[in-house]
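Engineer: In the numbering used here, the protein residues as written are 460 to 600.
Think of the CB as a built atom: it goes at the ideal place given N, C-alpha and C, for glycine as much as any other residue.
First, the structure itself, so that you have it in front of you.
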């Protein structure tokens, strides 16, 4: 018989939101300081896959890991929770707040294939230009 209380779906949702926020903050400070996921994993004595899980919010940081990261990056441990509203479990981080990945050309390539969803204005202008050129060709023939 277990005395441990089962988490409700609402509790799990709150936990995921917080872990995702912490993961974004971790990713930003890692990129800002020039660490790759592999370098950071070596510092924490975990695999790079574990660092990926921290950054994606799939796994939460333990207190020990959060303290190690705070010391490594010379920030307060509260850095990882800054900008998170515990009243309604929302983050103030936006898509633009995510730093681009370092030492990879995938970021540029992915931006062409999967544009920033918050930049539809630039995308629609390109589509309108392409449409106008196509219509001009049809009319001019």
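(1) Just checking, does the segment 511–523 make contact with the segment 544–551 on the three C-beta pairs under 8 Å criterion?
(2) Using the Cα positions of residue 530 and residue 537, report the straight-line distance between them to the nearest angstrom.
(3) Tell me which residues share the same chain as residue 465 and place their Cβ nearer than 8 Å to its Cβ, disregarding the 5 neighbours each side in the sequence.
(4) Secondary structure at residue 543, three-state DSSP: helix, strand or coil?
(5) Given residue 488, which residues of its chain have a CB within under 6 Å of its CB, disregarding the five upstream and five downstream residues?
(6) Residues in its own chain within less than 8 Å of residue 557 by CB, not counting five upstream and five downstream?
(7) Under three-state DSSP, which class holds residue 521?
(8) Let me know the secondary structure DSSP gives residue 472 once reduced to three states.
(9) Between residue 478 and the rest of its own chain, which residues show a CB-CB distance below 6 Å, the 5 nearest in sequence each way excluded?
Structural biologist: Taking the definition as stated:
(1) In the pairwise beta carbon analysis, the segment 511–523 is classified as not touching the segment 544–551: fewer than three pairs are separated by under 8 Å.
(2) The residue given as residue 530 occupies position 71 in the chain shown. The residue given as residue 537 occupies position 78 in the chain shown. Taking the straight line joining both Cα atoms gives about 12 Å.
(3) By one-based count along the chain shown, residue 465 stands at place 6. Closer than 8 Å at Cβ, skipping near neighbours: no residue.
(4) Residue numbering aside, residue 543 sits at position 84 when the chain shown is read from its first letter. Secondary structure of residue 543 (DSSP, three-state): strand.
(5) Here residue 488 corresponds to residue number 29 of the chain shown, with the count starting at 1. Answer for residue 488: 532, listed in chain order.
(6) Residue mapping note: residue 557 aligns to position 98 of the chain shown, counting from 1. Answer for residue 557: 483, 486, 487, listed in chain order.
(7) Within the chain shown, numbered from 1, the residue matching residue 521 stands at position 62. Per DSSP, reduced to three states, the secondary structure at residue 521 is coil, with no helix or strand assignment.
(8) One-based indexing of the chain shown puts residue 472 at position 13. Three-state DSSP puts residue 472 in a helix.
(9) Within the chain shown, numbered from 1, the residue matching residue 478 stands at position 19. Close CB contacts of residue 478 within its chain, under the 6 Å cut and outside five residues either way in sequence, are with 516, 519 (chain order).
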